[in-house]
Amino acid sequence: MPLEPLRFAVLGAVRVFRGDAELELGGPQERAFLALLLVGAGRPVAVSEIVDVLWGAAPPRSAVNVVRRHVGSLRRLLEPGLAARAEGRWLVRDAGGYRLVTDGDSSDLLRFRALCEEGRRIADRSPAQALELLTEALSLWRGPLAVGIPAQARAHPAFEAVDRELPAAVRQAADAALRAGRPDVVLADLRQAAARHPLDEPLQAGLLLALAAVGHRSEALAAYEAVRARLAEELGIDPGAVLRDARDTVLHGVPETAVGSSSGESSGAVSDGAGADGSLADPAPAHAPAPGPPAPSALPPPAQLPHGIEVFTGRDVELDEAFALSGADGSGPGTVVISAIGGMAGVGKTTLAVHWAHRVADRFPDGQLYVNLRGFDPSGAVLDPGEAVRGFLGALGVPPERVPHGVDAQAALYRSVLAGRRVLVVLDNARDVEQVRPLLPGSPGCLTIVTSRDELAGLVAAHGAHSLVLRPFDAVQARAFLVRRLGAERVAAEPRAADEISELCAGLPLALACVAARAAGHPHFPLAAVAAELREAHGSLDAFVRSDASVDVGTVFSWSSRAVSAAAARLFRLLALHPGPDLSLPAAAALAGLPVRRARPLLAELTGLHLVTEHGPGRYAFHDLLRAHAGELVHERHTEADRAAALNRLHHHYLHTVHTADRLLAPNADPLPPPPAPEGVHPEPLADDDRALAWLTAEHAVLLAVVETAAASGQPVQERLACQLAWSLEPFFDRRGHWHDGLAVQRTALDAARRLADPALEARGLRGLARVEGRLGLHSRSVPRLERALELFTELGDDTGRAHTHRSLGWECDQRGDLPGALRHNRFALGLFRTLGDRAAQASVLNSVGWYHAQLGEYRRALTHCFEALTMLQELGDRYGQAATWDSIAYAHHHLGRHPHALLGYRNALALLRDQGVPYVEADILVRVGDTHLATGDHDGARTAWQQALVLLRSLNHPDAERVETLLNARDGHAGAV
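Residue 62 is where the sequence shown starts when you use our numbering, and the numbers rise one by one after that.
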């Protein structure tokens, strides 16, 4: 009969169950081996890492053989009756190591992560449900991680990384509990976590707010004083902004917002009129004419550092110098430049910077910012400093509508936001001083780490930066590196071969890592054979010591790329065509013209040999040297037609997926349908708008690069594709407030449309650029463009284009206070949509017409249009459109003195909105609910509604909060009433 399923536990004691029966795991070393596989969570664990965990720095000569015995014993324990030397299904050989095959049903760690991720995803729209998921996740921890394994093993970075997930989950649960009004649910977990992590300021802040919320205000203030004293005694610092803000909230009453929001995203409100095409320029009849979508939710301190490597070695002197620069007394310089001799690449600048940053991150409680500036990317796609600073502003919680136009103004705002905060900033792979300067904090308390092939002497001279120069490994360091990767026994057995490998790799960590990965994958190969293969590869590493190192990456990479299968080698070459900065598995599959299931093992081959790095879950990237090497190979071994076909598949992959996302975010839009996808393209399935937003967010930087690359190709087919891609991105940029990026891609699209000399494309390009210019307040440019677009659509006989352009012109009228003009344009659009039979667009614009009638005091006419719209929207299943229309109906009823009808309409609108994650629209409606309560003499009802609105607006850091505070203060007769 079949065996019962297995369950693995590592969140507490290390245990394995078959059904209800617990299996006997053996001694501490066997448990440590299993625990390491479990915290690996499905990734291959290298033999060298296993040896390091089991024996530390002094493994016995027989260590590898003992590991093999543990492997055999564990396989037979999990699968009784398994034949000798058989692999079985649970513990498999993979990428030079071993991987335990588990999932969320069999592993408590993976179940914990899945619950946390789902809680994070729904936290904004359903904090109560998120709280249930997160408390279930916390209940899976039945004690400290991996109880029962030796302390030496437990100190390994793999376990420390999982340990950090528990306080993060507690902070997430505390945030959800405060939002849901249930702080008591997590108070016990918060107390325990805060006791274990006394210097974790965001965690301590969450405890303060939870204590105050359950009425323990004095205990909360005492806890603050205890943390303040400990920070001063142990680190010589004062509390950071997060903890101070929590203290201030406790002093002034019940917590108003949560600390450490569970999501880094917000669902920006799309105006009701956006149903027409999700555009920037449509009116917002569901609420006051705010100039854009809501600002991001209050964010936790950013934690953007990439994963550090667990086997870091060889830079003790440089690390000591780095730690001295970031001393707790704050006396070190605010900027450190990590450069290399002669612009050398591959010497480990990023690895050192990230390792150092992780080691000192706890000294910067206000967050850690990271950006790859791509200064020496072989594709030439250097990151614009404006794009980088806007990304930092978003991570720091600045609403998109508060980001000014122009890099200088954006940099000034960035410095203002950082003033008084302690933030760690890592600027990786900088090209020159001009790229770095806008990203430097302007006041003490922050540490900036810059890596570059250039010495950036101007930064040292003008900004007092300290230079830290890296050289290649010497013989001793290179030997230590190989010992760390391959084990002391193997290296000691062939010292001459190890030294020859080090010499052939020129002491470069990147090259040594590639060779070590190949050797680790073949533990029975003598190192002498590895050295001979490398010697005979007939290449040169001379280029590594020149500033133009990307010209020829040399022997090691040629040799490594020949060590993979022919299919994986082909994929490696084709990946060089991707514009970057990274890519997903489906995008890689599109480049190769393969199904995703066939591309996955090929990418695993490349990552196993360090030819490609999986720097985040499902996100792959090259080191720029390896990318340059792949670029040389793809031009040597593939024809121009082959390369063009691969790029065409890639561009179609993005276009078809973005088109799907566009239809989900703006179902009433009029996008150009994409041409049929070529064979080998499998667009990513997006089931709903949440998944569409998640995919677009992950691919944001890539999509910007694809638009630019396709537009610059000089091929009409690709230029047209760039236009379509840019226009399909409009709803995403609008909802997320990425108007500066939208401005760049719309300019690119209009230029491409004009080169194609196609009036239909030019009309769309004019309208697309005008909409984003309008959002940025550039109305002197946007209105003439819209008028010219309307002329072109009229000449072409394109009534759909005319209708949408009238709506955009109506929005422009609204912005300058011309309500009759706004109504006129929307009535033109309504007539055209009725003639076209476009019911979805017709329903949306009917509500816009109704709204403008109401704004002009024509309330009965407004109700006629809005009820007609509501009926159609209900038939179409457009919940957001229905909510917007109920808001318009309620507004009209209020002004007709029908206050009970108005309150019913507002309740209907809020009920439809609250599961859609649009807090700004909720807040705007709640303000009007308060107005209606006030009109009936219900002052308590008005105050309650306005307080609810104020909480939402403050959580968004939205400027409308001041207007609501004024309403509350007027009722109370004094300031600061909430």
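Built from N, CA and C at the ideal position, the CB exists for glycine as well.
Computed from a predicted model, the values in this text were never measured in an experiment.
Host beta strand (DSSP E) of residue i (start-end)
i: Ser513; result: Leu508 to Ser513
i: Val303; result: Note, Val303: premise wrong, no beta strand (DSSP E); alpha helix (DSSP H) at Ala302 to Leu312.
i: Arg76; result: Arg76 to Arg79
i: Leu67; result: Leu67 to Ala70
Limits of the alpha helix (DSSP H) - the one that residue i falls within
i: Asn729; result: Segment: none, Asn729 is in no alpha helix (DSSP H) and carries neither H nor E.
i: Arg160; result: It is not in any alpha helix (DSSP H) - Arg160 instead sits in the beta strand (DSSP E) that spans Gly158 to Leu161.
i: Ala953; result: Arg940 to His956
i: Asp113; result: Val108 to Trp116
i: His466; result: That residue, His466, is in no alpha helix (DSSP H); it is neither H nor E in DSSP.
i: Glu919; result: Here Glu919 belongs to no alpha helix (DSSP H), and DSSP marks it neither H nor E.
i: Thr896; result: Leu880 to Leu897
i: Trp202; result: It is not in any alpha helix (DSSP H) - Trp202 carries neither H nor E in the DSSP assignment.
i: Pro777; result: Pro777 to Ser789
i: Asp999; result: Looking at the DSSP string, Asp999 is not in any alpha helix (DSSP H), and its letter there is neither H nor E.
i: Phe453; result: Pro446 to Ala456
i: Leu747; result: No alpha helix (DSSP H) contains Leu747, which DSSP labels as neither H nor E.
i: Pro584; result: No alpha helix (DSSP H) contains Pro584, which DSSP labels as neither H nor E.
i: Val127; result: Ala124 to Leu139
i: Glu769; result: His761 to Ala772
i: His960; result: His960 to Leu974
Selected residue, minimal CA-CA separation from residue i, among the options
i: Leu985; options: Arg215, His955 and Arg1024; result: Reading off the sequence, residue 985 comes out as Asp, not Leu. Of the listed residues, the one whose Cα sits closest to Asp985 is Arg1024.
i: Ala864; options: Arg885, Asp879, Leu880 and Gln876; result: Arg885
i: Ala283; options: Glu295, Leu270 and Cys784; result: Leu270
i: Gly958; options: Leu934, Arg968, Asp992 and Gln785; result: Asp992
i: Pro502; options: Leu474, Glu516 and Gly519; result: Leu474
i: Asn908; options: Cys874, Gly892 and Trp947; result: Trp947
i: Arg596; options: Ala559, Ala627 and Ala691; result: Ala559
i: Ala821; options: Leu1028, Arg710, Leu804 and Asp860; result: Asp860
i: Leu934; options: Ala96, Gly918 and Leu973; result: Leu973
i: Glu848; options: Ala541, Gly838, Gly826 and Arg836; result: Gly826
i: Asn887; options: Asp185, Gly871 and Pro640; result: Gly871
i: His279; options: Val468, Arg308 and Val303; result: A small fix is needed here, since residue 279 is Ser in this sequence, not His. Checking every option, the nearest Cα to that of Ser279 belongs to Arg308.
Counterpart residues of residue i in DSSP-defined beta bridges
i: Asp224; result: Partner(s): none; Asp224 has no beta bridge.
i: Gln24; result: Outside the displayed range of the chain (62 to 1039) lies residue 24, so it cannot be described from this structure.
i: Gln429; result: Ala364 and Leu485
i: Thr674; result: Ala682
i: Ala82; result: Arg79
i: Ala818; result: Bridge partners of Ala818: none, in fact.
i: Ala491; result: Ser513
i: Asp155; result: Gly158
i: Val695; result: Partner(s): none; Val695 has no beta bridge.
i: Leu644; result: Tyr681
i: Ser168; result: Phe69
For residue j and residue i, believed in contact at Cβ under 8 Å, the rounded distance
i: Ala890; j: Pro728; result: With a Cβ gap of about 17 Å, Ala890 and Pro728 do not count as contacting.
i: Ala771; j: Glu780; result: 7 Å
i: Val487; j: Leu430; result: 7 Å
i: Ala850; j: Arg828; result: 4 Å
i: Leu485; j: Ala418; result: 6 Å
i: Asn490; j: Ser513; result: 7 Å
i: Asp299; j: Ala290; result: Not really, about 11 Å apart at Cβ, beyond 8 Å.
i: Pro361; j: Pro259; result: Going by Cβ atoms, the distance from Pro361 to Pro259 rounds to 19 Å, so no, they are not a contact pair.
i: Leu644; j: Val657; result: Incorrect: roughly 13 Å between the Cβ atoms, too far for contact.
i: His131; j: Glu83; result: At roughly 19 Å, the Cβ-Cβ gap does not stay under 8 Å, so His131 and Glu83 are not in contact.
Determine contact between the stretch 160–172 and the stretch 582–595, defined as no fewer than three beta-carbon pairs at a distance below 8 Å. no
For the stretch 789–804 against the stretch 450–469, are there 3 or more C-beta pairs whose distance is under 8 Å? yes
Three or more beta-carbon pairs under 8 Å between the stretch 184–203 and the stretch 137–145, yes or no? no
Count the C-beta pairs between the stretch 529–537 and the stretch 106–115 that are closer than 8 Å, then say yes if the count reaches three, no if not. no
Evaluate contact between the stretch 215–223 and the stretch 92–101, counting only Cβ atoms and requiring at least three cross-stretch pairs below 8 Å. yes
Would you call the stretch 893–908 and the stretch 935–942 touching, i.e. three or more CB-CB distances under 8 Å? yes
Count Cβ pairs between the stretch 201–216 and the stretch 64–73 that sit closer than 8 Å; are there 3 or more? yes
Touch check for the stretch 680–696 and the stretch 733–740: three-plus C-beta pairs under 8 Å? no
Would the stretch 113–125 and the stretch 167–186 be scored as touching if the rule is three or more Cβ pairs under 8 Å? no
Quick check: the stretch 709–723 against the stretch 685–701, are there 3 or more CB pairs under 8 Å? no
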